[in-house]
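In the numbering used here, the protein residues as written are 372 to 541.
So the structure is just underneath, and the comments pick up after that.
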Amino acid sequence: MSLSIAALNQLDDEAFITALGGIFEHSPWVPAAVLEQRPFASRAALETAMAAVVEHAPHEDRLALICAHPVLGGEAAVEGRLGTASTQEQHAAGLDHCTPEEFAELAALNGRYLERFGFPFVLAVRGHDPASVIAELQRRLAQDKASEVVENLRQIERIASLRLQALISD
372 MSLSIAALNQ
382 LDDEAFITAL
392 GGIFEHSPWV
402 PAAVLEQRPF
412 ASRAALETAM
422 AAVVEHAPHE
432 DRLALICAHP
442 VLGGEAAVEG
452 RLGTASTQEQ
462 HAAGLDHCTP
472 EEFAELAALN
482 GRYLERFGFP
492 FVLAVRGHDP
502 ASVIAELQRR
512 LAQDKASEVV
522 ENLRQIERIA
532 SLRLQALISD
């Protein structure tokens with residue numbers, strides 16, 4: 372489904388939130404927070420507004436946003452329990468067709484990451500494959516928690532940008 376920014380601006384509040392509900396994983400509070408800023412002149416203006424909502428949200432809300440993201444190559448992906456956008460993104464990166472060794476390594480690294488930081492590893496997987504996701508997970512395990520909060524939010528912003536590009540035509 373592709374919407375024009377003009378059509379998006381014309382939606383009632385509930386339809387607007389529903390249309391943008393998948394942009395930030397299980398976090399309809401983000402599009403809800405920009406309702407009063409309509410009409411948006413462009414997709415970029417909408418993207419900027421939603422990024423500002425996340426940036427200025429309380430720390431606990433930003434952590435909840437990070438925690439709303441699925442584990443890459445995790446159980447939910449294997450069992451087909453991801454949202455449409457996450458399923459497509461993980462499929463494009465080959466995370467649903469890993470070798471048994473790659474699945475085992477992803478599971479172990481994701482477990483270590485979650486234990487170390489208290490939230491899941493988030494990565495905009497476009498342009499990645501299982502080996503590069505594993506390498507990035509290994510690299511980021513060496514970071515400190517504050518750096519990983521910032522990096523995960525940066526990755527979420529990238530994911531949102533890519534999802535908006537797919538959803539909205541300017």
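Where a beta carbon is used, it is the ideal one built from N, C-alpha and C, also for glycine.
If the five residues before and after E519 are omitted, its C-beta is found closer than 7 Å to the C-beta atoms of F488, R511, all from its own chain and listed in chain order. The three-state reading of DSSP puts I437 in helix, counting H, G and I together. In the structure shown, L443 falls within a coil segment according to DSSP collapsed to helix, strand and coil.
In this structure, L466 lies away from F492, with their beta-carbon atoms at least 8 Å apart. Counting along the chain, L480 sits inside the alpha helix (DSSP H) bounded by residues 471 to 488. Non-local C-beta neighbours of E486 in its own chain, meaning closer than 6 Å and more than five positions away in sequence, are absent. The region 400 to 415 makes no contact with the region 468 to 481: fewer than 3 CB pairs, one atom from each, lie closer than 8 Å.
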